[in-house]
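*Asks:* For the numbering used here, count along the sequence shown from 1 and bump the result up by 91. Each residue gets a CB set at the ideal place from its N, CA and C atoms; glycine is no exception.
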Amino acid sequence: MKMLQFELLLSTLFRLVICSRSRYSSSGIGGGRMANGDMTKAVYDTNKNGIVDRAEKLATPRNIALSGDVTGSASFDGTANISIPTSVPTASSSAKGLMSAADKAKLDGIAAGANNYVHPATHPASIIVEDSTHRFVTDAEKAAWNANGGGGTGTGGGDMPKSVYDTNNDGIVDKAAKLATARTISLTGSVTGSASFDGSANITITTTGGGSSGGSSNVVNVKSYGAVGNGTTDDTAAIKSAITAATASKQIVYFPYGTYRVLSTITVTTSLDGDRGATILCDTTNMGDTLAVSASNIVIQNLIVDGNNKTHRGIIFATNLSGVTVRYCEVKNIKQAGGQTSESNGIAVYGGSTNIRITDNYVHHVDASAATGIARGILVSKRSAADADSTDIWVTNNRVEEITSSTGTADVFDSDGIVTQGNFAGSDYNTFTGGRTNIFITGNYCYRCQKRGIKVQSPNVMVSNNIIEMASDRLCFSAIGVTAPNVKITNNMINLPFTNSVSSAIQVDGHTSTYANFKNIEVSNNHIRINSSNANCDGIRLFNYISLISIIGNIIENGRYGVRFDASSDSIIVNSNIIKTAFYSGVVFKGAAVNTSVFATNIAVVSNSFITPTAGVSVEGGTKVVISSNTGTVGWGAIVDASVPVVSVGNVS
92 MKMLQFELLL STLFRLVICS RSRYSSSGIG GGRMANGDMT KAVYDTNKNG IVDRAEKLAT
152 PRNIALSGDV TGSASFDGTA NISIPTSVPT ASSSAKGLMS AADKAKLDGI AAGANNYVHP
212 ATHPASIIVE DSTHRFVTDA EKAAWNANGG GGTGTGGGDM PKSVYDTNND GIVDKAAKLA
272 TARTISLTGS VTGSASFDGS ANITITTTGG GSSGGSSNVV NVKSYGAVGN GTTDDTAAIK
332 SAITAATASK QIVYFPYGTY RVLSTITVTT SLDGDRGATI LCDTTNMGDT LAVSASNIVI
392 QNLIVDGNNK THRGIIFATN LSGVTVRYCE VKNIKQAGGQ TSESNGIAVY GGSTNIRITD
452 NYVHHVDASA ATGIARGILV SKRSAADADS TDIWVTNNRV EEITSSTGTA DVFDSDGIVT
512 QGNFAGSDYN TFTGGRTNIF ITGNYCYRCQ KRGIKVQSPN VMVSNNIIEM ASDRLCFSAI
572 GVTAPNVKIT NNMINLPFTN SVSSAIQVDG HTSTYANFKN IEVSNNHIRI NSSNANCDGI
632 RLFNYISLIS IIGNIIENGR YGVRFDASSD SIIVNSNIIK TAFYSGVVFK GAAVNTSVFA
692 TNIAVVSNSF ITPTAGVSVE GGTKVVISSN TGTVGWGAIV DASVPVVSVG NVS
């Protein structure tokens, strides 16, 4: 009996302990959750305002809006960082936007403090009149309001059920008035900027304009239209879309640094600009034009156009364009491929073009590989005799090199650095019918161009201050070749290191039968240096019918003859040249062996200086010849060696 009473007593004590533990577990102690998973108010609402303090998602997604100088918006619920697409308007007299450089300069000219506001001392805050809707608040009133706390509803004591704050039952509050982790809001595109955001209030992001290398907001970024620029993704459609959009809004298409692979011709109807190293890479055999320029008054700059040896044209103009500039670009690896036989051109400007600038570009490795191939680094030409004349064209400060024919010889293939063509009748480039062209080829460096450095086949051209170095391992024709009237070749430096040239440093081919359309050639103040072992190359050589020729102030070193006339020329002045030849005379007028019908006439060779192994001046044919006041050291002792009557006065050897 006693044993039974003892067992009943132990059973009663054990139930008391279990009940005590149950009450302890349900009291909310331990992680702020009750036994059924509910969270205590002390955890989720520390300031007792009846709103969950923070969570991984906002109860109400916030709209992040940009206003003022930059516009843009995006919805944000706190689950991840976001980027806001932005745009910056251009400032005008009626709208805010990015300031132009000219306006900035004007602003900088305003004296410091000129626009500062100075509050009058006679206007204290007490002059504001209080009424029923406008009152000052005292510190005591503010303190009283701040001391008031909010209520709330939920389980006992204001606690919130778990089914409310954690609907997916993952142990994390779903949404709240504030994020547990503040997120960064960053801006991309035309502007940059960022700010930290925890959802407790709306924010404003300070922005900075960006975009092209010039910092202008007037750009369309190709990456905003899906271009990747990794060299493998096909960016053709994205680039075309960007150009279409920019053309409509009169903006510039901007290429950030990268390699943009294209599989078809890009038609250019607005300005293009790129970061240094931004490359447009052709990756389709026989694509034709890489960039086809078809709009006037645009600029293409800071881009690399890589033909990848798969296409035979780089930057190509349509006809009848005006006001187009191509500058600071590199055009390379242009080659006839896939059976293509039409000429390879790095940059080509076609008929009817006016006010065109091709300047400060690097054009190299343009090759003609087909059996009838022609290669040009930079070309200014008509596409047909029906095209209008091109006028006011500047080709300046470019580097052009490795323009080649990978098959054939230089006598067959035209592989020239810079070429002008036009104003011709039919296929005879020596018969000119058009008006003025006004083409300026100046300050360029032509290196290792296989046949010619510069070729002039249009009238009214100035070739000046260029440096031309031909290849020593190729059969070159001439550094500068001219087959047009009204051409001035001046202040150029020419270096011919080869030993196998078949012609001359500067060569002028006149009309085949008449003086009428071929006149006014000036070759002045050029410095020509020829390999001393080359017995086949002349300094300056003239063929066929040419009138009004001036050869003045040139320095010619080595070669076969200094100046050679195989021409039925009229009105010739050879004056103040310094000529040192390695093989024959300084100046020679060829006779009957070259032209049996008409000889040169009205010739003056005056005040030149010669160092030659034979004579200073040899006259094998010609009429009305005056040779006067020349000096030098000549191997034959006399300055003049004439087979025909000449007037020789004051020549000293």
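Skipping 5 residues on each side, what residues in its chain have a beta carbon closer than 7 angstroms to that of Ala733?
*Replies:* As a first step, residue 733 must be located in the sequence shown, where it is residue number 642. Once the five neighbours on either side are set aside, the close Cβ partners of Ala733 are Val710.
*Asks:* Relative to the alpha-carbon of Ser444, which residue among Asn436, Ala409 and Tyr419 has its alpha-carbon at the smallest distance?
*Replies:* As a first step, residue 444 must be located in the sequence shown, where it is residue number 353. Selected option, being the one with the closest Cα: Ala409.
*Asks:* Tell me Ser277's beta-bridge partners as DSSP assigns them.
*Replies:* What you label residue 277 is simply residue 186 of the sequence shown in a count that begins at 1. Answer by DSSP bridge pairing, in chain order: Ser174 and Ser285.
*Asks:* Please list, in chain order, all residues of the same chain as Thr360 whose beta carbon is under 7 angstroms from its beta carbon, the five residues on each side excluded.
*Replies:* For the purposes of this step, residue 360 is taken as residue 269 along the sequence shown, with counting starting at 1. Same-chain partners within the cutoff: Ile334, Thr338, Ser385 and Ala386.
*Asks:* Pick helix, strand or coil for Asp600, following the three-state DSSP scheme.
*Replies:* If you number the sequence shown from 1, residue 600 lands on position 509. Asp600: strand per DSSP, three-state reduction.
*Asks:* If you follow the alpha helix (DSSP H) that Ser472 is in, where does it begin and where does it stop?
*Replies:* Counted from its first residue, the sequence shown places residue 472 at position 381. Careful: Ser472 lies outside any alpha helix (DSSP H) and carries neither H nor E.
*Asks:* Consider the Cβ of Glu613: report whether some Cβ of chain B lies at a distance smaller than 7 angstroms.
*Replies:* Absent from the structure is chain B; it holds one protein chain and no more.
*Asks:* Note the first and the last residue of the continuous alpha helix (DSSP H) segment covering Thr338.
*Replies:* Numbered from its first residue, the sequence shown carries residue 338 at position 247. Per DSSP, Thr338 belongs to the alpha helix (DSSP H) from Thr327 to Ser340.
*Asks:* Can you tell me the Cβ-Cβ gap for Ile447 and Val422, rounded? I've got them flagged as a contact below 8 angstroms.
*Replies:* Residue mapping note: residue 447 aligns to position 356 of the sequence shown, counting from 1. Residue mapping note: residue 422 aligns to position 331 of the sequence shown, counting from 1. No, Ile447 and Val422 are not in contact; Cβ-Cβ is about 16 angstroms, not under 8 angstroms.
*Asks:* For Val578 and Arg655, what's the separation of their Cα atoms in angstroms?
*Replies:* Here residue 578 corresponds to residue number 487 of the sequence shown, with the count starting at 1. Here residue 655 corresponds to residue number 564 of the sequence shown, with the count starting at 1. Rounded to the nearest angstrom, the two C-alpha atoms are 18 angstroms apart.
*Asks:* Where are the alpha helix (DSSP H) runs, 4 residues long or more, that stay fully inside the region 602 to 649, in chain order?
*Replies:* none
*Asks:* Among Asn551, Leu270 and Val344, which one has its Cα closest to the Cα of Gly513?
*Replies:* Residue 513 sits at position 422 when you count from the first residue of the sequence shown. Out of Asn551, Leu270 and Val344, Asn551 has the C-alpha closest to the C-alpha of Gly513.
*Asks:* What residues in its chain sit with their C-beta under 6 angstroms from that of Ala673, if we drop five residues either side in the sequence?
*Replies:* As a first step, residue 673 must be located in the sequence shown, where it is residue number 582. So the list reads Ser623 and Asn649, once near-sequence residues are dropped.
*Asks:* Ala238 by DSSP, collapsed to three states: which one?
*Replies:* For the purposes of this step, residue 238 is taken as the residue at position 147 of the sequence shown. Correct three-state label for Ala238: helix.
*Asks:* Under the three-state reduction of DSSP, which class applies to Glu232: helix, strand or coil?
*Replies:* Counting from one through the sequence shown, the residue named residue 232 turns up at place 141. In the structure shown, Glu232 sits in a helix (DSSP, three-state: H, G or I).
*Asks:* If we call anything under 7 angstroms between Cβ atoms a contact, is Ser594 one with Phe634?
*Replies:* Here residue 594 refers to the residue found at position 503 when the sequence shown is read from its first residue. Here residue 634 refers to the residue found at position 543 when the sequence shown is read from its first residue. Cβ distance not < 7 angstroms, so Ser594 and Phe634 don't count as in contact.
*Asks:* Who are Met553's beta bridge partners in DSSP?
*Replies:* The sequence position of residue 553 within the sequence shown is 462, counting from 1. In DSSP, Met553 forms a bridge with Phe531 and Lys579.
*Asks:* Classify Ala133 as helix, strand or coil using the three-state DSSP reduction.
*Replies:* Position 42 of the sequence shown, counted from the first residue, corresponds to residue 133. Ala133 falls in the helix class under three-state DSSP.
*Asks:* Taking Cβ positions, are Ser563 and Phe531 nearer each other than 7 angstroms?
*Replies:* By 1-based counting over the sequence shown, the position of residue 563 is 472. By 1-based counting over the sequence shown, the position of residue 531 is 440. Cβ distance not < 7 angstroms, so Ser563 and Phe531 don't count as in contact.
*Asks:* For Asn488, which residues in the same chain have their Cβ closer than 6 angstroms to its Cβ, ignoring the five residues on either side in sequence?
*Replies:* Residue 488 sits at position 397 when you count from the first residue of the sequence shown. Counting only Cβ-Cβ distances below 6 angstroms, and skipping sequence neighbours, we find Thr450, Asp451 and Gly534.
*Asks:* How far does the beta strand (DSSP E) with Gly707 in it reach, from first residue to last?
*Replies:* The sequence position of residue 707 within the sequence shown is 616, counting from 1. Counting along the chain, Gly707 falls outside any beta strand (DSSP E), and DSSP gives it neither H nor E.
*Asks:* I'd like the span of the beta strand (DSSP E) that includes His455, first residue to last.
*Replies:* On the sequence shown, position 364 is the one that residue 455 refers to. Segment Tyr453 to Ala459, the beta strand (DSSP E) holding His455.
*Asks:* What would DSSP say about Ile263, mapped onto helix, strand or coil?
*Replies:* Here residue 263 refers to the residue found at position 172 when the sequence shown is read from its first residue. Coil, per DSSP.
*Asks:* Anyone know if the C-beta pair for Ser739 and Asn693 falls short of 7 angstroms?
*Replies:* For the purposes of this step, residue 739 is taken as residue 648 along the sequence shown, with counting starting at 1. For the purposes of this step, residue 693 is taken as residue 602 along the sequence shown, with counting starting at 1. Not in contact: Ser739 and Asn693 (Cβ atoms no closer than 7 angstroms).
*Asks:* Since Met584 sits in a beta bridge, which residues does DSSP pair it with?
*Replies:* Position 493 of the sequence shown, counted from the first residue, corresponds to residue 584. DSSP lists Ile558 and His618 as partners of Met584.
*Asks:* Less than 8 angstroms between the CB atoms is what I'm expecting for Ile330 and Ile296, so what's the real figure, rounded?
*Replies:* Numbered from 1 along the sequence shown, position 239 holds the residue referred to as residue 330. Numbered from 1 along the sequence shown, position 205 holds the residue referred to as residue 296. Actually they do not touch by this definition, with Cβ atoms about 30 angstroms apart.
*Asks:* Do Thr375 and Ile395 have their C-beta atoms closer together than 7 angstroms?
*Replies:* One-based indexing of the sequence shown puts residue 375 at position 284. One-based indexing of the sequence shown puts residue 395 at position 304. Cβ distance not < 7 angstroms, so Thr375 and Ile395 don't count as in contact.
*Asks:* For Met584, which residues in the same chain have their Cβ closer than 6 angstroms to its Cβ, ignoring the five residues on either side in sequence?
*Replies:* As a first step, residue 584 must be located in the sequence shown, where it is residue number 493. If we look at Met584 and ignore the five residues flanking it on each side, its Cβ neighbours are Ile558 and His618.
*Asks:* Return the residue from the list Ala292, Val311, Ser287 and Ala171 that minimises the CA-CA distance to Ser178.
*Replies:* Position 87 of the sequence shown, counted from the first residue, corresponds to residue 178. It is Val311 whose Cα lies nearest to the Cα of Ser178.
*Asks:* In whole angstroms, what separates the C-alpha of Ser475 from that of Gly442?
*Replies:* Your numbering for residue 475 matches position 384 in the sequence shown. Your numbering for residue 442 matches position 351 in the sequence shown. Their backbone Cα atoms lie some 8 angstroms apart in a straight line.
*Asks:* In terms of DSSP beta bridges, what is Lys426 paired with?
*Replies:* Position 335 of the sequence shown, counting from 1, holds the residue named residue 426. Per DSSP, Asp458.
*Asks:* Rounded to the nearest angstrom, what separates Arg153 and Asn138 at their Cα positions?
*Replies:* Stepping through the sequence shown from its first residue, residue 153 is reached at position 62. Stepping through the sequence shown from its first residue, residue 138 is reached at position 47. Answer to the nearest angstrom: the Cα atoms are 22 angstroms apart.
*Asks:* For Gly728 versus Ile702, is the C-beta spacing smaller than 7 angstroms?
*Replies:* Taking the first residue of the sequence shown as 1, we reach residue 728 at position 637. Taking the first residue of the sequence shown as 1, we reach residue 702 at position 611. No, the pair does not count as a contact, with Cβ atoms beyond the cut-off.
*Asks:* Does Gly305 pass the burial test, meaning 16 or more other C-beta atoms within 10 Å, or should it be called exposed?
*Replies:* In the sequence shown, the residue the question calls residue 305 occupies position 214. The predicted position of Gly305 is uncertain, since its pLDDT is 40 and thus under 50; a value taken from the coordinates is nonetheless stated next. Label assigned to Gly305: exposed.
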